[in-house]
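Start counting the sequence shown at 3; every next residue gets the next number (my numbering). Inspection log for the structure reproduced underneath, given as structure tokens.
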Amino acid sequence: MSDPTSNPPLNASDKPVSLFQRIGERPFARLAEELYRNIDGDARIRRHFPEDLSATSEAVRDMREFLTQFFGGPGEYSARKGHPRLRARHMRFPIDQAARDAWLDNALRALETVVTSERLDEPTRHEIGAYLIRTSQFMINRE
Ligand code: HEM
């Protein structure tokens, strides 16, 4: 730890490279679209979501901007809506283990679609997948 030369620089400017820098904005836009396309057809949780879940909907825009910002892209979500406070924003929805599992099922299927269409590599798939698994579990707010 005390030796600052023990790790090689991660890039020319010696800053960690964010996922956004590596893969750009398109995969996050596609992930938001595919997630809500899947949820639109999922009777287990559809009722919690707004009527319009199309690619141009507010829901897709919120998700796209949030994911982009979270993975190191422009902070458009917070510029528009303030601090994400993701768990607090989800408190008005009853999210139990079953709802979370259904949501995650849709999210991981969306990820598979985007991994294929955007030719994302395995470390990228793992990083996004692990985030979705962990964070969705953290959204549970009901027995
Ligand atoms: C990785 C986990 C998750 C992330 C990153 C995430 C992200 C988001 C974001 C950014 C919003 C928009 C919030 C706003 O600006 O008002 C949102 C809304 C919402 N989320 Fe999640 N969410 C996650 C998990 C879940 C889970 C497990 C459920 C369970 C069903 C869920 C249900 C909802 C609902 C019902 C809305 C409201 C949709 C709307 O009115 O547009 N979310 N989520």
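Built from N, CA and C at the ideal position, the CB exists for glycine as well.
Give the range of the alpha helix (DSSP H) segment to which residue i is assigned.
i, result
"Val117", "Gln99 to Ser119"
"Phe73", "Premise fails: Phe73 is in no alpha helix (DSSP H) and is neither H nor E."
"Phe22", "Leu21 to Ile25"
"Asn40", "Arg28 to Asp42"
"Ala57", "Careful: Ala57 lies outside any alpha helix (DSSP H) and carries neither H nor E."
"Ala81", "Glu78 to Lys83"
Under the three-state reduction of DSSP, which class applies to residue i: helix, strand or coil?
i, result
"Ser4", "Note that Ser4 has pLDDT 49, beneath the 50 cutoff, so the model's placement of it is unreliable and no number is given."
"Pro125", "helix"
"Glu145", "coil"
"Ala90", "helix"
If I'm right that residue i touches residue j with Cβ under 8 Å, what's the distance once you round it to whole angstroms?
i, j, result
"Gly77", "Leu21", "The pair is not a contact, with the Cβ atoms about 15 Å apart (cut-off 8 Å)."
"Ala109", "Leu88", "Their Cβ separation, rounded to whole angstroms, is 14 Å, which puts Ala109 and Leu88 out of contact at 8 Å."
"Arg66", "Pro96", "No, Arg66 and Pro96 are not in contact; Cβ-Cβ is about 25 Å, not under 8 Å."
The ligand FMN and residue i: does the residue's C-beta get closer than 6 Å to at least one heavy atom of that ligand?
i, result
"Arg102", "As far as ligands go, the structure on display features the ligand HEM and does not contain the ligand FMN."
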